[in-house]
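J.: Residue numbers (my numbering): 18 to 676. Ideal Cβ positions, reconstructed from N, Cα and C, are used throughout, including at glycine.
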Amino acid sequence: VYRGSVKDFQGFDANQDAEALYNAMKGFGSDKEAILDLITSRSNKQRVEICQAYKSLYGKDLIADLKYELTGKFERLIVSLMRPPAYADAKEIKDAISGVGTDEKCLIEILASRTNQEIHDLVAAYKDAYERDLEADIVGDTSGHFKKMLVVLLQGAREEDDVVSEDLVQQDAKDLLEAGELKWGTDEAQFIYILGRRSRQHLRLVFDEYLKIAGKPIERSIRGELSGDFEKLMLAVVKCIRSTAEYFAERLYKAMKGLGTRDNTLIRIMVSRSEIDMLDIREVFRTKYEKSLYNMIKEDTSGEYKKALLKLCGGDDDAAGEFFPEAAQVAYRMWELSAVKVELRGTVQPAGDFNDDGDAQVLRKAMKGLGTDEGAIIEVVTKRSNAQRQQILKAYKAHYGRDLMADLKSELSGSLAKLILGLMLTPAQYDAKQLRKAVEGAGTDESVLIEIMATRNNQEIRAINEAYQEAYHKSLEDDLSSDTSGHFKRILVSLALGNRDEGPENLTQAHEDAKKLADVSSNDSSDSLETRFLSILCTRSYPHLRRVFQEFIKMTNHDVEHAIKKRMSGDVRDAFVAIVRSVKNKPAFFADKLYKSMKGAGTDERTLTRIMISRSEIDLFNIRGEFIDLFDKSLHHMIEKDTSGDYRKALLALCGGED
């Protein structure tokens, strides 16, 4: 099935189009609207024919005339569209290695994403256009392992056999593990050989096998073992093997997000993918970033340049509200990866040489007399497990007849006080306190209720219920019921029971559950859409729900999260989405929450503090890994940049390291 956004123009006449372009550029000024309308609605093959007809009719070079008449980004875009794909790639690479410095990102994008045939065509076009050898020019302009991998990719010799050997898959996964994680230093040659030569289908299975045996995705190992441009190239290769459309969706998003636009990247991708997989890229973009590529281009560009890009984009997926097979395939792959058992690790471990009485003395000394030694308090509290902190509380009382919590409260202030006092509570007491704050007083903080209730397991929920009753002499269920309403209340009350099934998946039941979730035709008010989602999402086990989500994708070509967002709204939608994301990948859910708490102007310190405390002994190490995978920056770096003083020092101690 053709997945480009630009197709052959019906009733095409090269001479007629050549004449139209000549008239658009004749005389004073040029009709840019006419030029962009014509060129963006013709396929590349038809544009080449227009160039030939233009030369025959007027004895002039069309590309040269376009360069003369147009300027800036618009000119670069239109001229790129007029070149055959291989020659457009050749020009991009020539520009990337000419002059002072090298545009490594351009080299990586082109050579990591092209097929064998596209590479062969590129090499030939480069030779034809510049009378130079592409490999020799790249070798002369790059170095080290980066250069070696580029040369391997330039051969266009990736295996294309769809028949995969299970034994070889297991061997390659083992070899990659031994070349990196299990080796002192890194055997880069092994990474180059396997990732540069094996077929796409084979490598996808290798990545799945690697996740099983290493307990982490191959991308995370590459980040840990490799560095610089070589690391970026290998990550690009892995991303393109997994999904070329997802790779380009990410590149486009990064080209436009934040201040300024990377126009060269935007132009190159929109031109090169317009007749290959632009529809797939649009689908994945809409799914990953919750806005259409069309709208992001519309917001980020202007003038004729914007109009031409939007024509290449080919449509607004926000307006259509559709979800397509490529996006479903990406979502399905993510469900499959999430089903692989990965060991969860906190960043705070019990201190090996723990002495509760000694720690109590250190804390007392830090708070005695004039001033407070915040550094000593941070050092003790953040380097002890919660169980050890409870022992310190008792030792402090026994030794000094004083309440450590009260002393800390009187000596510390602001964000640091909230962090340290939160760490001194048991996890259940802390969660109970956060829930109480969310429901007391004017207004309700629904986001806190959702975050805690949607992510805690049965044992944690039961402990929270006990702690809540003991601290506030009321049941959590009663407070949730009195402070919320409708379907949202029913979701929270169901979760507050702590009665989620804990068994394995049941394939037959999963198929039936997926069918219930997919059914939009039911008119029975007692079996509303929200009721059906509640009865499944709030009660089934995590392994079973993962299977339900896979069956849902197979059945509808929709991701269940997309379906929720399309059919529901408000707190009900947010609660169900949180449950789905928690089932899918809980560390990624919290990584996203942490990122949003720090991005942009100001910091949401309540969310940042709450997650750093509550996950520090459960899965904060995994959250760190997901954070860098999702946002290309470490949690440590973002905390360091976004916070200050002793609060920052304590958060970084909990974070446990720079990735």
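Do three or more CB pairs link the segment 447 to 456 to the segment 489 to 500 at distances below 8 angstroms?
T.: Contact holds: three or more Cβ-Cβ distances are below 8 angstroms.
J.: Residue 460 by DSSP, collapsed to three states: which one?
T.: Correct three-state label for residue 460: coil.
J.: I'd like the list of long-range same chain contacts for residue 442, defined as Cβ closer than 8 angstroms, with 5 residues on each side in sequence excluded.
T.: Closer than 8 angstroms at the Cβ level, and outside the excluded window around residue 442, lie 450.
J.: Using the rule of at least 16 other Cβ atoms within 10 Å of the residue's Cβ for burial, across every protein chain shown, is residue 102 buried or exposed?
T.: It is buried - the Cβ of residue 102 has at least 16 other Cβ atoms within 10 Å.
J.: Go through its chain and collect everything with a Cβ distance to residue 401's Cβ below 6 angstroms, but skip five positions before and after it.
T.: Excluding positions up to five away in sequence, the list reads 368.
J.: Distance check for residue 615 and residue 672, CA to CA, integer angstroms please.
T.: When rounded, the distance between both Cα atoms is 15 angstroms.
J.: Just to confirm my understanding: we take residue 113, look at its own chain, exclude 5 residues before and 5 after, and list those with CB closer than 7 angstroms. What are they?
T.: Same-chain partners within the cutoff: 119, 120, 123 and 124.
J.: Can you give, in chain order, each stretch of the alpha helix (DSSP H) that sits fully within the segment 482 to 550 and has at least 4 residues?
T.: Qualifying alpha helix (DSSP H) stretches, in chain order: 493 to 500, 503 to 513 and 524 to 535.
J.: Please report the distance separating the alpha-carbon of residue 424 from that of residue 438.
T.: Cα-Cα distance, rounded: 10 angstroms.
J.: Given 8 angstroms as the limit, is there contact between the segment 506 to 519 and the segment 554 to 563, that is, 3 or more CB pairs closer than that?
T.: Verdict: yes, contact present.
J.: Drop a sphere of 10 angstroms on the beta-carbon of residue 420, count the other beta-carbons inside from all chains shown, and report buried for 16 or more, exposed for fewer.
T.: When all chains shown are included, residue 420 counts as exposed.
J.: Would you kindly report the start and end of the unbroken alpha helix (DSSP H) that includes residue 184?
T.: 183 to 196 is the extent of the alpha helix (DSSP H) around residue 184.
J.: Closest to residue 403 by CA distance: which of 382, 364 and 314 is it?
T.: Minimum Cα distance to residue 403 is reached at 364.
J.: If I measure Cβ to Cβ from residue 155 and keep anything under 6 angstroms in the same chain, skipping five residues before and after, which residues do I get?
T.: 167.
J.: Tell me which residues share the same chain as residue 418 and place their Cβ nearer than 6 angstroms to its Cβ, disregarding the 5 neighbours each side in the sequence.
T.: Nothing listed; no residue qualifies.
J.: Could you pull out every unbroken alpha helix (DSSP H) segment of at least 4 residues lying fully inside the segment 97 to 163, listed in chain order?
T.: Counting whole runs of 4 or more residues, the segment 97 to 163 contains the alpha helix (DSSP H) stretches 102 to 114, 121 to 130, 133 to 147 and 151 to 158.
J.: I'd like to know if the segment 244 to 254 and the segment 56 to 76 are in contact, where contact means that at least 3 CB-CB pairs between them fall below 8 angstroms.
T.: Verdict: no, contact absent.
J.: Of the residues 67, 186 and 620, which one's Cα is nearest the Cα of residue 229?
T.: Considering only alpha carbons, the answer is 186.
J.: Just tell me which of 157, 85, 104 and 139 has its CA closest to the CA of residue 115.
T.: Per the Cα distances, 157.
J.: Quick check on this structure: which residue in 622, 639 and 591 has the alpha carbon closest to the alpha carbon of residue 605?
T.: Of the listed residues, the one whose Cα sits closest to residue 605 is 639.
J.: Enumerate in chain order the residues of its own chain whose CB-to-CB distance from residue 463 is below 6 angstroms, with the five nearest sequence positions on each side excluded.
T.: Same-chain partners within the cutoff: 588.
J.: Taking its Cβ as the centre, do 16 or more other Cβ atoms sit within 10 Å of residue 599, making it buried, or is it exposed?
T.: That one is buried.
J.: Is the segment 191 to 202 close to the segment 227 to 243, with three or more CB pairs under 8 angstroms?
T.: Touching, yes.
J.: Count the other C-beta atoms from every protein chain shown that fall within 10 angstroms of the C-beta of residue 476, then say buried if there are 16 or more, exposed otherwise.
T.: It counts as exposed.
J.: Taking C-beta to C-beta, are residue 413 and residue 377 nearer than 7 angstroms?
T.: Closer than 7 angstroms, so yes.
J.: Please report the distance separating the alpha-carbon of residue 613 from that of residue 622.
T.: So the alpha carbons of these two residues sit roughly 11 angstroms apart.
J.: Where does residue 319 fall in DSSP's three states?
T.: If DSSP states are grouped into helix, strand and coil, residue 319 belongs with coil.
J.: Between the segment 87 to 107 and the segment 264 to 271, are three or more C-beta pairs nearer than 8 angstroms?
T.: The segment 87 to 107 is not in contact with the segment 264 to 271.
J.: Can you tell me where the alpha helix (DSSP H) with residue 225 in it begins and where it stops?
T.: Start and end: 217 to 231.
J.: For residue 321 and residue 53, which I take to be in contact (beta-carbon distance under 8 angstroms), what is that distance rounded to the nearest angstrom?
T.: Rounded, the Cβ-Cβ distance is 6 angstroms, consistent with contact.
J.: On a CA-only basis, which of 547, 48 and 379 is nearest residue 91? Give me that one, please.
T.: Answer by Cα proximity: 48.
J.: Would you say the segment 519 to 536 touches the segment 478 to 494, given that touching needs at least three Cβ pairs under 8 angstroms?
T.: Contact fails: fewer than three Cβ-Cβ distances are below 8 angstroms.
J.: How far does the alpha helix (DSSP H) with residue 594 in it extend, from its first residue to its last?
T.: Per DSSP, residue 594 belongs to the alpha helix (DSSP H) from 587 to 615.
J.: Tell me which same chain residues have a C-beta within less than 8 angstroms of the C-beta of residue 492, skipping the five on either side of it?
T.: So the list reads 482, 485 and 486, once near-sequence residues are dropped.
J.: Taking the alpha-carbon positions, what's the residue 239 to residue 251 distance?
T.: So the two alpha carbons sit approximately 7 angstroms from each other.
J.: Taking all protein chains shown into account, do 16 or more other C-beta atoms lie within 10 angstroms of the C-beta of residue 143, making it buried, or fewer, making it exposed?
T.: Buried.
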